[in-house]
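Below is one structure, written out as structure tokens; comments come after it.
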Amino acid sequence: MTALTGVNVVDVTGGPTRRGVTVLIDGERIVAVGRVAIPSSATVLDLHGKYVIPGLCDAHVHSLPIEAVTPPLYLANGITTVREMSGSPLAHEWRDRVRRGALLGPRSVIASRIIDGVTGSPESAVIVETEAQAEAAVRDAVREGADLVKVYSNLPADLYRVIAGEARRLRIPFAGHLPDRVPLTDASTAGQRSVEHLYGTWYATSTRERELRARIADGALGTDLLTWMRETHRLEWAAFTSHSPTKAATVLSGLARRGTAVVPTLSVYRVLDRPDDVDLTDDRLRYVPKSVVEGWRWALENIVKAGRTPRETAQRHAMLDHRLAFVGELARAGVPVVAGTDGGDLPFVLPAFGLHEELALLVLAGLSPLRALASATVESARLLDLDRDLGTVAPGKLADLVVLDADPLTDIRHTTRVHTVLAGGRVLSPADRAALLAAVAAH
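According to numbering that gives the first Met the number 0, the sequence shown is numbered sequentially starting from 0.
Given below as structure tokens:
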């Protein structure tokens, strides 16, 4: 047994913080929280005055395929669960090894390979052009051991509906991008578990929705990534500037009622909308392989910034403020907002460290520190169907915990002040964490 004594346990569901209590752990599970008798055989960790929160979850990652870097970096930052959003054999291998205790890393929920339409798709995507192919793609996802089916931006509406129907039949959730040709309300009604990013979500709240959808139907978004990024910005700007709070209230209340989560990945937009603000000398880049950082530098200059006019640059700068305001609107409407970063996929969205920045951005968007913390704990656990075991600090739950030096409810940035991490009851002390980070930096 392990006893964390003298700690303040944060209730991420909104109850009062339990101060000066003991968290008693037996094996991989919590057995008691409160003023409890400590068995003489227990290992006692005196953590007087520190704060205990549930292990954090990044609900949208694309882990760097480097074992010596990715798994330890997550745990050192208090991230004990991740949702891998582009299934790969390596992701499945890592999950199996973590389960067996052969690899120190976070728990993982793994999406299928991306399922997309013909144009503009990533090289790794499964391309579907017929109903038979769409159904087969879902069946293949189940056969390959995916926990969810991932849909993408270029799926035609008819094939999207086929995928949704087959996913329901096989009882596997589906999530991912909001396809450009699928209205937000339709995706929610079809049962899409979560909408990743904010692409296309504003069309449904715009007074110009019919016009914007006609432009999409006419091929305005092009067939390559650079064109898609440029034209999506133009459509989003038109949607932003014609946003209807009244229309939004109806759309968002429907999302809240159906429990459709949004994973806004504001960290992505911090880079895409304001690339000139990216700190290219960030000391934390030493935890990312140099070859990856160099690739990020190239992408920032040749993809993200490519071809931007001064007018577009100014619009994109302003757009981040619109995105923040919209996320605040989502939260106030009761839509489940879940923290995810897209770390490992977008340039300068730092793996693991980025989740703490995402939480700060959610607070900037208008969420309270408590609501932001919930987005990476209890809300993510619900989204991933893991809330029986994770998401709160309570007897019976798995002992995935983070011990902080300061109260995150007074300042969400205190989630970066990690003292100790527990993963399935295994204790990573400050010295253990320092050793993990040193090993990553040396890789």
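The C-beta atom is built at its ideal place from N, Cα and C for all residues, glycine as well.
From a predicted model like this one, the values you see are computed outputs, not experimental measurements.
Around the beta-carbon of D179, 16 or more other beta-carbon atoms lie within 10 Å, marking it buried.
According to DSSP, residue pairing for F352 in a beta bridge does not occur. The Cβ neighbour count for T42, taken over all protein chains shown within 10 Å, is under 16; the residue is labelled exposed.
Put simply, the stretch 256-274 touches the stretch 338-348. At least three CB pairs are less than 8 Å apart. By the beta-carbon neighbour count (other beta carbons within 10 angstroms, threshold 16), V81 is buried. Sorting V117, T79, T69, H59 by C-alpha distance to the C-alpha of T419 places T79 at the top. Remark: three or more beta-carbon pairs, one from each stretch, lie closer than 8 Å, so the stretch 148-164 and the stretch 114-130 are flagged as touching. Taking all protein chains shown into account, D57 has 16 or more neighbouring C-beta atoms within 10 Å of its C-beta and is therefore buried. If you ignore the 5 residues before and after T21, its C-beta comes within less than 8 Å of the C-beta of A2, L3, T4, G5, V6, A31, V32, G33, R34, V35, I37, all in its own chain and listed in chain order. Secondary structure at K396: coil, using DSSP grouped into helix, strand and coil.
Check the Cα spacing between A238 and each of G423, G77, Q314: the tightest is with Q314. Between R106 and G86, the C-beta gap is not smaller than 7 Å, which leaves the two residues out of contact. Using a C-beta cut-off of 8 Å, the stretch 298-314 makes no contact with the stretch 354-370, since fewer than three inter-stretch Cβ pairs fall below that distance. DSSP places H176 in the coil class of the three-state scheme, outside both helix and strand. Under DSSP, the beta-bridge partners assigned to I126 are D115.
Shown here, Y50 sits in a strand according to DSSP, grouped into three states.
Ranked by how close their Cα comes to the Cα of T280, the residues V267, S266, W295 have W295 in first place.
At a Cβ-Cβ threshold of 7 Å, A186 and L197 do not count as neighbours. In its chain, beyond the 5 residues on either side, T69, V291, G343, P350 have a beta carbon closer than 7 Å to the beta carbon of L63. With respect to the C-alpha of L44, the residue from S428, A437, R212 having the closest C-alpha is S428. In the DSSP assignment, L319 falls outside any beta strand (DSSP E) and within the unbroken alpha helix (DSSP H) covering 309-331. Distance from the CA of V11 to the CA of A174, rounded to the nearest whole angstrom, comes to 25 Å. Residue environment: S40 is assigned as exposed (fewer than 16 neighbouring CB atoms within 10 Å of its CB, all protein chains considered). In terms of Cα proximity to L389, the closest of I29, G144, R207, L361 is I29. Classified as buried, T391 has 16 or more neighbouring CB atoms from the shown chains inside 10 Å of its CB. DSSP, reduced to helix, strand and coil, places G5 within a strand of the structure shown.
In this structure, the beta-carbon distance from A364 to L323 falls below 7 Å. Between the alpha carbons of R167 and N76 lies a gap of roughly 36 Å. Rounded to the nearest whole angstrom, the CA to CA distance from T409 to L382 is 26 Å. It is roughly 9 Å from the alpha-carbon of P53 to the alpha-carbon of A375. For Y73, same chain residues with a beta-carbon under 7 Å away, outside a window of 5 residues either side, are V81, G104, P105, A351 in chain order. Cβ-Cβ distances below 7 Å link G423 to E27, L397, A398, D399 in the same chain, with the five nearest sequence neighbours on each side left out; the list follows chain order. For F325, the closest of D431, R283, K246 by C-alpha to C-alpha distance is K246. Considered as a whole, the stretch 180-257 harbours 183-189, 208-216, 224-239, 244-257 as its complete alpha helix (DSSP H) runs of no fewer than 4 residues, in chain order.
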